[in-house]
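Residue numbers (this note's numbering): 279 to 465. Here's the structure we're looking at; comments come further down.
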């Protein structure tokens, strides 16, 4: 969203995220319109229940100004990137974009395009081979169990011209690419 200013926004979070805060805590109601995708600066922040993604990625506590922000790379961050609803939606959107922007392209071309979107460089041949192997493995898995694929992408079925299994395989690729250290860490 390009919208600036305004009240805090409520991005997707696990159910009952504020339940432990106390009796008087408001119910966390996820935004449904464009506010759902606004920048992190607008995300609601409660001292007793900060936004989990911010905590996992070393956000300062806002009690004082911070000149330099510490950086870490932990398994908890990887779990956040793979499971947090906001990042899952991001991976679903990336998967849809890969297919939509590269119609009638082969798998390797789509992988190269996806890689460039995520890390702003052309992948090496062995990187494409690795991701293609993942895509093939995931396609086979989701073809064998389409119910699992349907469950995974049920709320984001944009690409109706490809199979559910193929869309789920592209979601897996997108999720992995968004979880690369090179994608999340700015050097």
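Where is the CB? At the ideal position from N, CA and C, for every residue including glycine.
#### Entry: Of the listed residues 356, 349 and 287, nearest to residue 454 (C-alpha basis)
356
### Between the CA atoms of residue 348 and residue 432 - distance to the nearest angstrom
37 Å
### Query
How big is the Cα-Cα spacing for residue 372 and residue 381?
14 Å
### Task
Give me whichever residues DSSP pairs with residue 321 in a beta bridge.
287
### Query
Less than 9 Å separating the beta-carbons of residue 329 and residue 308?
no
#### Entry: C-alpha distance - residue 427 paired with residue 290, whole-angstrom precision
21 Å
### Task
Output the distance between the C-alpha atoms of residue 336 and residue 346, rounded to the nearest integer angstrom.
11 Å
### Query
Which of the three DSSP states, helix, strand or coil, is assigned to residue 463?
coil
### Task
Please report how far the alpha carbon of residue 418 lies from the alpha carbon of residue 430, in whole angstroms.
15 Å
### Task
Quick one: give me the first and last residue of the alpha helix (DSSP H) that residue 411 is part of.
403-422
### Message
On a Cα-Cα basis, can you pick out the residue from 444, 446 and 458 that is closest to residue 395?
### Response
458
### Message
Between 398, 403, 446 and 404, which has its C-alpha nearest residue 420's C-alpha?
### Response
446
### Query
Taking the C-alpha atoms as reference points, what is the distance between residue 294 and residue 304?
10 Å
### Query
Going by alpha carbons, who is nearest to residue 387 out of 314, 448, 312 and 351?
448
### Alpha-carbon to alpha-carbon, residue 389 and residue 379
12 Å
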